[in-house]
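Written out below as structure tokens is the structure these notes cover.
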Amino acid sequence: MNPGRDRCLHEMGLGPLWKLRTMQVPLEAAQEPSIAEEPVTIPPPVAATAAQVTDWDSLAAAVRDCRKCRLCSARKQAVLGVGDVNADWLFVGEGPGAEEDQRGEPFVGQAGKLLDNMLAAIGLRRGSDVYIANAVKCRPPENRTPETEEMEACRPYLECQIALIRPKLIVALGRPAAQTLLKTEVKIAAARGRLHEYLGIPLIVTYHPAYLLRNLPDKSKAWEDLCFMRREMAKLKGS
Ligand code: URA
Ligand code: SF4
């Protein structure tokens, strides 16, 4: 049982998965025996009508087809995230840029190169013990900062990712990620260098790599933050 996961799937309209089989299912799935005995009152979620969905599959389908905010209109594709779904580390950025929108993977442009270098500095590599996501899954036009309502609309997906991954440590890259996770106004300069918390999971705030590309002097602070995260993770792993 994973109450956090069930809650966020429910919030997204995906409902508890064991109930899905009692819905009207497509013809090819109609032969399958139902595992739930009680009738279900929740409406069938569109994204979960296939008979054998896994939680990640439901989430990916929901995000792919999502039209909950206006960012859906200009995207080429929604970008859910990338990496190890059992990772101890979760890095959260702002939103896809042009290259990410094109390729369907977060942090593949210039900022992504810097992020990869930051990960390498603490012995990490994309795809191995790290998951990378964004506060919003669709590209804001002209790469503008996502608006509060857009981040709110998209937050259940991020919450769901966190509930599924259950990372040991979350790193918020930049102000939008920090604000959507901490649900409060954040100034990076004030918030960095100490531990915050997201539903019991330690959270560290640092500069966004795109900001660091424009503000080179703050790279040394980002380096301090990387050292801080590495120390905290070592403590969390008890080593
Ligand atoms: N910046 C972000 O915040 N996320 C990306 O995926 C790419 C650039
Ligand atoms: Fe849906 Fe998030 Fe894309 Fe908005 S940004 S359309 S909430 S997936």
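The opening residue of the sequence shown carries number 1 in the working numbering; numbering runs sequentially from there. Yeah, the Cβ is synthetic: ideal placement off N, Cα and C, and Gly gets one too. Computed from a prediction, not measured in an experiment: that's the story for all the values here.
If you check the CB distance, Y211 and K221 do not come in under 8 Å. Distance check between Q161 and each of D84, A189, R144, G193 places D84 closest, using alpha-carbon atoms only.
Along the length of the stretch 72 to 130, whole beta strand (DSSP E) runs at least 3 residues long occupy 81 to 83, 89 to 93, reported in chain order. Proximity to ligand 1 was defined by a C-beta distance below 7 Å to any of its heavy atoms, and the residues meeting it, in sequence along the chain, are V79, G93, E94, G95, P96, G97, E100, P106, F107, G109, A111, G112, N134, L173, G174, H208, A210. E149 has no beta-bridge partner at all, per DSSP. For R144, the distance from the CB to the nearest heavy atom of ligand 2 is not below 7 Å. With fewer than 16 other Cβ atoms from the protein chains shown falling within 10 Å of its own Cβ, C227 counts as exposed. Excluding five sequence positions before and after L213, the CB atoms of its chain that fall closer than 8 Å to its own CB belong to Q110, A111, L114, given in chain order. Boundaries of the alpha helix (DSSP H) around E224: 219 to 236.
For the alpha helix (DSSP H) assignment, the uninterrupted runs of no fewer than 4 residues enclosed by the stretch 154 to 231 are, from N- to C-terminal side, 175 to 182, 188 to 191, 209 to 214. Scanning its chain for C-beta atoms nearer than 6 Å, with the 5 sequence neighbours on each side dropped, one finds around A121 the residues L226, in chain order.
Bounds of any alpha helix (DSSP H) do not take in D65, whose DSSP letter is neither H nor E. Taking a 10 Å sphere around the C-beta of L216, we find fewer than 16 other C-beta atoms and assign the residue as exposed.
The stretch 119 to 139 makes no contact with the stretch 198 to 205: fewer than 3 CB pairs, one atom from each, lie closer than 8 Å. Near ligand 2, residues with a Cβ at less than 7 Å from any of the ligand's heavy atoms are V63, C66, R67, K68, C69, L71, C72, R75, A78, V136, K137, C138, E150, A153, C154, Y157; the list follows chain order. Counting the other CB atoms within 10 Å of its CB gives T148 a total below 16, which places it among the exposed residues.
Distance from the CA of A78 to the CA of D101, rounded to the nearest whole angstrom, comes to 7 Å.
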